[in-house]
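Notes to accompany the following structure.
2 protein chains.
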Amino acid sequence: MSAEVSTRRQLTRDRLMAAAMVLFAERSVQAASVEEICERAGFTRGAFYSNFESKEELCLEIVRQRGEQLVLTTQEALAAIPEAGLTQNTLDEVLAKILVLFDAGFSLDEHWVLIRGELRLYSYRMPGFRPALLEVERRATELALAAISETLTRQGATLRIPLAELMPVMDAYCERARMNEILTGSPIGGWRQGLEHLLRALVVLPA
Amino acid sequence: MSAEVSTRRQLTRDRLMAAAMVLFAERSVQAASVEEICERAGFTRGAFYSNFESKEELCLEIVRQRGEQLVLTTQEALAAIPEAGLTQNTLDEVLAKILVLFDAGFSLDEHWVLIRGELRLYSYRMPGFRPALLEVERRATELALAAISETLTRQGATLRIPLAELMPVMDAYCERARMNEILTGSPIGGWRQGLEHLLRALVVLPA
DNA sequence: TGTATCCGATACAGTCATGTATCCAAACCG
DNA sequence: CGGTTTGGATACATGACTGTATCGGATACA
């Protein structure tokens, strides 16, 4: 198994996964037939079954890939924030960091909001798939929480709710707000303001 | 069209809808075939197509029914709360009211959490279906918000976020928390504590 | 340059869901 | 009590997806 071949294989895998994600968002995981996925990727079913055992395995692969991406882009984005930046006050810095997190990792772009919803429900029905999804979400949350808490303590700010609940609250709110924007066709980005309100309410600034 | 016949018809419609809801939760809206729904309801496809034009219309009917139910049970539950009850302090009363709302109407029971997620995604793909779903959610939110705001002002309490955002935040959080309980198999009810934390953080008691 | 291997295409058989068209039984009405 | 209407069952034709088994071409390697 030379590197060249392996590369080619990886390329078709990637194309299949990319096509799958688009279709998962557009038509749902279940409704997206293997054939459709292949067609969109420019292959036939032969390629699919040569690369994946089933649609479930493809989903697993997608989630795994997504998990790594999430960690990488998040770390990257966080690293790009200047240590004690241009921001005026404590809250601004916390907010900035959180916005970065959500922009970078927690995928509020249309496709991912939909796919996330899809995969959550999918995982309910595919027990073999559930652990992978939960693990990815856990790791992402952990990472985000660490970044936020670090900023908070450095700034001497505290929270009005337990730290561990901060991410669930914000994450759930943002995703839902984004979903509403998608469904109602309202201008996107309103979730940012909502998030800011929420944060102003939850963070206690140092005296 | 005598009343008797109409009654019978309504009965089979109800059975079909009930069966559909169970299957929607278990296997998703798309995966639940018309045949399966009929089978579970004790009919054949003939009955289905005699009563509904398509699965989409069935979904519409379910949402409509759900909307009415939601309003009724919510009003009922709210009415059952003693005006200025047994509760010790302001926050308790607000919290109690909100818990009642979520218990009664916002369907944190397993089936409805799943179905809600299903229908949201379904509505993304069935534009004809979307308005109905959004309208139901809007009405329910409105109702809940009115009840909460009334209690707040009566008690002289205020919020740290705009009133209009209170429901989205709480609703999204509770639904997500409940979903997590379902997926992880963790003991149910944790969302209540989370909700209480959230509320304590968001409500400002009168001086 | 010839040969083995790898990878994706093609062909095929089987399953399942859909929607319609027809049929039968029971309830209703005169 | 007999005809008519209503509601649901049955039968059928069709189409789509799945998974496998086989084939062919390109690539790597000797």
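Here the protein sequences line up with chains A and B, keeping their order.
The first sequence maps to residues 693 to 899 in the numbering used here.
The second sequence maps to residues 693 to 899 in the numbering used here.
For glycine and all other residues, C-beta sits at the position ideal for the given N, C-alpha and C.
Three or more Cβ pairs closer than 8 angstroms define a contact, and the segment 846 to 866 of chain B meets that threshold against the segment 781 to 792 of chain B. Shown here, A/Leu851 sits in a strand according to DSSP, grouped into three states. Along the segment 864 to 875 of chain A, the positions whose C-beta sits under 9 angstroms from a C-beta of chain B are Ala864, Tyr865, Cys866, Glu867, Arg868, Ala869, Met871, Asn872, Ile874, Leu875, read in chain order. Interface flag for B/Gly809 against chain A is set, since a Cβ pair is found closer than 9 angstroms.
Following the DSSP letters along the chain, one finds A/Asn781 in no alpha helix (DSSP H), marked with neither H nor E.
According to DSSP, residue pairing for A/Val895 in a beta bridge involves A/Leu851. Exclusion of the five residues before and after B/Ser841 leaves Leu855 as the residues of its chain whose Cβ lies within less than 7 angstroms of its Cβ. Contiguous alpha helix (DSSP H) elements confined to the segment 724 to 760 of chain A occur at 726 to 733, 737 to 743, taking only those with 4 or more residues. Looking at A/Gln885, A/Ala717, A/Leu750, A/Ser725, the one whose alpha-carbon comes closest to that of B/Ile853 is A/Gln885. B/Ile790 carries a helical assignment under DSSP once its states are collapsed to helix, strand and coil. Contact annotation: the segment 812 to 820 of chain A does not touch the segment 820 to 835 of chain B, with fewer than three C-beta pairs closer than 8 angstroms.
By the Cβ test, the segment 717 to 733 of chain B is not in contact with the segment 891 to 899 of chain A, since fewer than three Cβ pairs between them sit closer than 8 angstroms.
Taken atom to atom, the span from the alpha-carbon of A/Glu888 to that of A/Pro898 is near 18 angstroms.
At a cut-off of 9 angstroms between beta-carbon atoms, B/Ile790 makes no contact with chain A. Rounded to whole angstroms, the Cβ separation of A/Ala796 and A/Thr765 is 5 angstroms, and the two are in contact under 8 angstroms.
Residue burial annotation: B/Glu810 is buried, with at least 16 other C-beta atoms found within 10 angstroms of its C-beta. In this structure, B/Arg812 keeps its C-beta atom at 9 angstroms or more from the C-beta atom of B/Leu800. In the three-state DSSP reduction, A/Ala772 falls in the coil class, being neither helix nor strand. Annotation for A/Leu800: no alpha helix (DSSP H) segment contains it, and DSSP assigns it neither H nor E. Residue state for B/Gly882 is assigned as helix, using DSSP reduced to three classes.
Against chain A, the beta carbon of B/Pro854 has neighbours under 8 angstroms at His889, listed in chain order. A/Glu827 counts as exposed, since fewer than 16 other beta carbons sit within 10 angstroms of its beta carbon. Per DSSP, reduced to three states, the secondary structure at B/Gly809 is helical. The straight-line gap separating the alpha-carbon atoms of A/Lys789 and A/Met859 is approximately 13 angstroms. Inter-segment contact for the segment 732 to 743 of chain A and the segment 696 to 712 of chain A is present: three or more beta-carbon pairs are separated by less than 8 angstroms. The DSSP-derived three-state label of A/Val721 is coil.
With respect to the 9 angstroms criterion, B/Val805 and B/Met871 are classified as neighbours on the basis of their beta carbons.
In this structure, the straight-line span from the alpha carbon of B/Gly881 to that of A/Leu752 is close to 30 angstroms. Listed in chain order, the positions of the segment 822 to 838 of chain A with a beta carbon within less than 7 angstroms of a beta carbon of chain B are Arg822, Leu826.
Interface with chain B (9 angstroms Cβ-Cβ cutoff): A/Val861 is included.
A residue is called buried once 16 or more other Cβ atoms fall within 10 Å of its Cβ, and A/Arg700, having fewer, is exposed. Assigned with DSSP and collapsed to three states, B/Pro819 falls in coil, not helix or strand.
Inter-residue distance for A/Glu728 and A/Asn743 is about 16 angstroms (C-alpha atoms, whole angstroms).
Closest in alpha carbon position to A/Leu793, among A/Glu802, A/Ala838, A/Ala769, is A/Ala769.
One Cα belongs to A/Trp883, the other to A/Met709, and the distance between them is close to 29 angstroms.
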